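Just below is one structure, and these are the notes that go with it.
Number of protein chains: 2
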Amino acid sequence: MNAEFSVAVHAMVYLAAHCQASFNSSELASNICTNPARVRKVMSKLCKASLVVSTKGQGSGYASIAEARRTDLAVIAKAIDEVPVEDIWQSGDLDRDCLVCSGMGSVMDDICHGMNLVAFDYLKKVTIGSICDRLLQKR
Amino acid sequence: MNAEFSVAVHAMVYLAAHCQASFNSSELASNICTNPARVRKVMSKLCKASLVVSTKGQGSGYASIAEARRTDLAVIAKAIDEVPVEDIWQSGDLDRDCLVCSGMGSVMDDICHGMNLVAFDYLKKVTIGSICDRLLQKR
DNA sequence: TTTTAGTGTAATCATTATGGTTACATTAAA
DNA sequence: TTTAATGTAACCATAATGATTACACTAAAA
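Going down the list, the protein sequences come from chains A and B.
According to my numbering, the residues represented by the first sequence are 5 to 143, in order.
According to my numbering, the residues represented by the second sequence are 5 to 143, in order.
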């Protein structure tokens, strides 16, 4: 799971915490501590998944959708096409006679998939709203 | 989670499936499809955690421990010092006044930790024995 | 006692992945 | 018509990864 996920969550939290306003990629980049091009790349994916709204032209930028607080992190991860556990290296070789050698690849694949399923279940329980509340001490 | 985990699991499964014999790093590397030095590096960690036994000198190598089939993948991951979800990039900056900017780092850290907890729970349920049985079609 | 075949471990190298930077076509407000 | 923004691609520097090489150490075998 790379930094795009952090950028996406941070941006969505920031927008949700200032839900009346709109911010351009430079303003978001400054708060996230990255560069505007990276922010735009991530926001473009969120926008395609309808998790944020973006406008174009002068004075444009990004803003929260109405249901932003209810958006969970699993949805965000899928929108930016990320999985918690990256594909593990598949050892062995399908063409070998040895059952261990030829079978370990798919075993590791399944294990990776299994971890991703439980990790996604966990991410489903974390919402942008819950993060906002925690950050703004509204527990 | 990098390839050392694959190497470790593959090696443990191979040794457990041939539990009467001992194999050197070249033999294991050939079955895993990697190089002997890499195998030795991983096996050395497993050995320190007493998950395999190794001998030295001429004719030496690695062999299964008696309880190998009951070893679970969480124990192996810990032995080689790996976590399923690598640290996610901590966005923001602790020294900023903005609560979102200064707080997101630890939020992402906690999320990463939460995913690792559930992923480790999953790995605990997968044992070397269960993988052997699957590969050798003893379901 | 010497030779030999192995482990343990570090150093180096090539390749890949990652993130930052720059550039520019496109868009829409002013 | 100008300006300020997004969307996206290309390029570069750096970091991470795995393969390779080397070698000190160890213990069996001759």
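Glycine residues also receive a C-beta, built at the ideal position from the N, C-alpha and C atoms.
This structure is a prediction, so every number in the text was calculated from the model and none was measured.
**Message:** Under 8 angstroms, Cβ to Cβ, is there at least one residue of chain A near Ala123 of chain B?
**Reply:** yes
**Item:** Span separating the alpha-carbon of Ala81 of chain B from that of Leu139 of chain B
**Value:** 21 angstroms
**Request:** Note down, in chain order, each residue of its chain lying with its Cβ closer than 8 angstroms to the Cβ of Val11 of chain A, except the 5 sequence neighbours on either side.
**Result:** Ile36, Thr38, Arg42, Val43 and Val46
**Message:** Comparing C-alpha positions only, which one of B:Asp125, B:Ser64 and B:Asp76 sits nearest to Ala152 of chain B?
**Reply:** Absent from the structure is residue 152 of chain B, since the part of chain B shown begins at 5 and ends at 143.
**Asked** Can you tell me the Cα-Cα spacing of Leu50 of chain B and Ile69 of chain B, whole angstroms?
**Response** 11 angstroms
**Request:** Reducing DSSP to helix, strand and coil, say where Asp101 of chain A ends up.
**Result:** coil
**Length of the line joining the Cα atoms of Ala21 of chain B and Gly107 of chain A** = 13 angstroms
**Message:** In chain order, what are the residue ranges of uninterrupted beta strand (DSSP E) at least 3 long that sit wholly in the region 7-87 of chain A?
**Reply:** 56-58 and 66-68
**Contact belief for Ala67 of chain A with Val122 of chain B at Cβ below 8 angstroms, rounded distance in angstroms** = About 33 angstroms; that fails the 8 angstroms criterion.
**Request:** Could you say which of A:Leu103, A:Cys105 and A:Ser95 lies nearest to Asn6 of chain B if we only look at CA atoms?
**Result:** A:Ser95
**Item:** Where the region 20-49 of chain A meets chain B: residues whose CB sits under 8 angstroms from a CB there
**Value:** Ala21, Asn35, Ile36, Cys37 and Thr38
**Item:** Partner residues on chain B for Arg138 of chain A, Cβ-Cβ distance less than 8 angstroms
**Value:** Gly107 and Val111
**Neighbourhood of Leu98 of chain A by C-beta, 6 angstroms cutoff - its chain only, sequence neighbours within 5 removed** = Ser106
**Prompt:** Does Leu77 of chain B have its Cβ less than 8 angstroms from a Cβ in chain A?
**Reply:** yes
**Request:** Decide if Arg73 of chain B is buried, meaning its Cβ has at least 16 other Cβ atoms within 10 Å, or exposed.
**Result:** buried
**Request:** Measuring alpha carbon to alpha carbon, tell me which of B:Ile135, B:Ile115, B:Leu127 and B:Val104 ends up nearest Cys136 of chain A.
**Result:** B:Val104
**Prompt:** Looking at Glu86 of chain A and Glu153 of chain A, is the spacing between their C-beta atoms short of 8 angstroms?
**Reply:** Residue 153 of chain A is absent from the model: chain A starts at 5 and stops at 143.
**Request:** Taking the CB atoms as reference points, tell me whether Ser110 of chain B and Gly65 of chain B lie closer together than 8 angstroms.
**Result:** no
**Prompt:** Any Cβ of chain A within less than 8 angstroms of the Cβ of Ala81 of chain B?
**Reply:** no
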